[in-house]
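Student:
Numbering (my numbering), first residue to last: 223 to 334.
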């Protein structure tokens, strides 16, 4: 009984499964390439392109925020571990009375 039911299911279900396209949602949908930038047709010779009303505010917002980020990053305090370690080493050496800058010793020349 079980064998006949499973063989019947395989025989009847196989043609439907073979023709099915799983997760494909039909034929591909996309805009055909037109050869124009962003799909805009260029204006006739002698005419300027008319901006849409949102473009100016987008340019101001985008480049203004990039300039603001550049200024913020330029004036960001140095919080690296190397800077902290150098300052800490200078403080400790000064507390012990040592010099933290290298000063070469005076050597006598062979001519004198």
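The C-beta atom is built at its ideal place from N, Cα and C for all residues, glycine as well.
What whole-angstrom Cβ distance do residue 315 and residue 324 have, given they're in contact under 8 angstroms?
Tutor: No, residue 315 and residue 324 are not in contact; Cβ-Cβ is about 12 angstroms, not under 8 angstroms.
Student: For residue 298 and residue 287, I'd like the C-alpha separation in whole angstroms.
Tutor: Between residue 298 and residue 287, the C-alpha separation is close to 16 angstroms.
Student: Alpha carbon to alpha carbon, how far is residue 290 from residue 280? Give it in angstroms, no decimals.
Tutor: Roughly 15 angstroms between the two C-alpha positions.
Student: Between which residues of its own chain and residue 277 is the CB-CB distance below 8 angstroms, once the five residues before and five after are set aside?
Tutor: Here the set comprises nothing.
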